[in-house]
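Accompanying notes for the structure given below.
This is the structure in structure tokens:
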């Protein structure tokens, strides 16, 4: 039943007093949003994840009337916007907000696709246990790499790759210009590729069976 | 350059935090908060008052209309209550009393019998009065009501008679009343050829019988001088005259004015029986003394203000 209604329909029902509609919305976005908050805050602020997550939903409940006033507003975009701003507040207070650019130089991965380390990676849908173990390690390494990214690059990457938001939607969530979003995303990809390649290449060379 | 890296995306999907979820407590907090937010809350007294005020505000034109009507009614009542012109009320009062006399209830009979006992022989005269042709006289003549007052100057009896008037016990009883009781008779002005009514004299002064009774009562209780001062303040300048008549006799007086002062003369008739008691004489003397004081006060005022 929950799939029948769009997020916006459920939100309108909730605004009309249907608490059950909110339960459906919550169930639909609980884990993705929690992951986003967790990844955006990073391991250093992991203890704040529950608070930020809870505050985000409560803020959404309190501000439901303002959402109603916005025509054609995407519920998902609004939800992630609330979470993003709340997480940024926490990072600012902790002093852990990383500057946007730190003189990062893009490496030559994009220019040399054939030589890229991930060219040797196994298929992600591989069913063999060894291959699944590889991807789990790769995932963990990616989380570690994400921790090293500036906040906006991190947010842009996660929203685009995990939550499936378009560049336009990301523009709304992090409240910046479209070109800036593209730039942040390019920087993030470059850094993550470097980070992942540096970590995985020895494994790949050792496990030449891939 | 693609902005979505498939490999990194796959790595992200295999990350160990993929199944991460908030704790049960957080989930309950959020869902409970949302449920309470949309749960209808009972309005407190302040909110109820505001809602009531809003409802009234919607119908404010109705409230304004009712307020205007109430104000108009209030003004009308106040204007009506401030109409002291006695002549207006005398007309209606005389009319009512005349009607009541004809329709006097038999319930008053016992008291009337007591008062009338010594002089029942005058019943036919009373009947003649009831059937007076003046009953149907035009309103214009009602204004010229004849008022006859028969008094023996006994204060307590004057009070009694006055109470009877107040209780709408129409004074047909006085028609045959003997002295020393204070009686009052009100009869409509009859044509000149009309027979004399109940042996009482009448005079042409447009004053209601109740006013005469009140005047006698005030004279005895407050004193002639005090009553005269009140009349002077009210602009009611007049001279009083006591005229003793034998009970059963009728005196008739035209409108007259005092030769000196040119004030209107009001005649107070006193009905005396043959066997008048000594205390009644004393009462009559009291009334005469107060009337004298009244007239003297009027004369004094005239002397000081005649110019």
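Protein chains in written order, with our numbering: chain A, 50 to 259; chain B, 2 to 308. Ideal placement from N, C-alpha and C gives every residue a C-beta, glycine not left out.
Bridge partners - residue i, DSSP secondary structure assignment
i	result
residue 258 of chain B	B:265
residue 230 of chain B	Note: residue 230 of chain B sits in no beta bridge, so no partner.
residue 241 of chain B	B:267
residue 32 of chain B	DSSP lists no partner for residue 32 of chain B.
residue 94 of chain A	Residue 94 of chain A pairs with nothing; no bridge assigned.
residue 217 of chain A	Note: residue 217 of chain A sits in no beta bridge, so no partner.
Best match in the options for proximity to residue i [C-alpha to C-alpha]
i	options	result
residue 110 of chain A	A:87, A:135 and A:128	A:128
residue 220 of chain B	B:69, B:288, B:33 and B:234	B:288
residue 142 of chain A	A:112, A:195, A:93 and A:131	A:93
residue 247 of chain B	B:264, B:270 and B:257	B:270
residue 36 of chain B	A:87, A:83, A:90 and A:65	A:65
residue 41 of chain B	A:194, A:76, A:68 and A:131	A:68
residue 182 of chain A	B:236, B:300 and B:11	B:11
residue 135 of chain A	A:83, A:123 and A:186	A:83
residue 5 of chain B	A:90, A:221 and A:216	A:216
residue 39 of chain B	A:144, A:72, A:57 and A:220	A:72
residue 87 of chain A	A:184, A:247, A:140 and A:76	A:140
residue 7 of chain B	A:178, A:187, A:102 and A:125	A:187
residue 21 of chain B	A:62, A:102, A:178 and A:63	A:102
residue 77 of chain A	A:125, A:98 and A:63	A:125
residue 23 of chain B	A:63, A:95 and A:198	A:95
residue 225 of chain B	B:298, B:53 and B:264	B:298
residue 62 of chain A	A:114, A:108, A:89 and A:230	A:114
residue 185 of chain A	B:70, B:71, B:19 and B:49	B:19
residue 238 of chain B	B:52, B:261 and B:55	B:261
Distance, residue j Cα to residue i Cα
i	j	result
residue 240 of chain A	residue 100 of chain A	30 Å
residue 79 of chain B	residue 214 of chain B	28 Å
residue 218 of chain B	residue 76 of chain B	35 Å
residue 214 of chain A	residue 63 of chain B	58 Å
residue 200 of chain A	residue 80 of chain A	20 Å
residue 245 of chain A	residue 13 of chain B	12 Å
residue 240 of chain B	residue 306 of chain B	16 Å
residue 26 of chain B	residue 32 of chain B	10 Å
residue 130 of chain A	residue 225 of chain A	12 Å
residue 29 of chain B	residue 211 of chain A	26 Å
residue 112 of chain A	residue 218 of chain A	20 Å
residue 285 of chain B	residue 243 of chain B	10 Å
residue 83 of chain B	residue 67 of chain B	24 Å
residue 292 of chain B	residue 65 of chain B	57 Å
residue 55 of chain A	residue 104 of chain A	23 Å
residue 180 of chain A	residue 15 of chain B	11 Å
residue 123 of chain A	residue 223 of chain A	15 Å
residue 47 of chain B	residue 61 of chain B	20 Å
residue 230 of chain A	residue 208 of chain A	11 Å
is_contact[residue i, chain A] using C-beta, thresh 9 Å
i	result
residue 40 of chain B	yes
residue 5 of chain B	yes
residue 18 of chain B	yes
residue 10 of chain B	yes
residue 28 of chain B	yes
residue 25 of chain B	no
residue 31 of chain B	yes
residue 21 of chain B	yes
residue 14 of chain B	yes
residue 65 of chain B	no
Cβ of residue i within 9 Å of any chain B Cβ
i	result
residue 127 of chain A	no
residue 116 of chain A	no
residue 217 of chain A	no
residue 156 of chain A	Because residue 156 of chain A sits at a pLDDT of 44, beneath the cut-off of 50, its placement in the model cannot be relied upon, and the point is left open.
residue 226 of chain A	no
residue 161 of chain A	With a pLDDT of 48 at residue 161 of chain A, under the threshold of 50, the predicted position of this residue should be treated as unreliable, though the coordinate-derived value follows. No, residue 161 of chain A does not count as interfacial toward chain B.
residue 179 of chain A	no
residue 97 of chain A	no
residue 57 of chain A	no
residue 245 of chain A	yes
residue 72 of chain A	yes
residue 209 of chain A	yes
residue 189 of chain A	yes
residue 111 of chain A	yes
Presumed contact (8 Å Cβ cut-off) between residue i and residue j, rounded CB distance
i	j	result
residue 116 of chain A	residue 60 of chain A	7 Å
residue 205 of chain A	residue 233 of chain A	4 Å
residue 259 of chain B	residue 266 of chain B	6 Å
residue 190 of chain A	residue 237 of chain A	Not a contact, Cβ separation roughly 15 Å.
residue 85 of chain A	residue 132 of chain A	6 Å
residue 229 of chain B	residue 295 of chain B	4 Å
Closer than 8 Å: residue i CB and nearest the ligand NAD heavy atom
i	result
residue 54 of chain A	The ligand NAD is not part of the structure shown, which contains no ligands of any sort.
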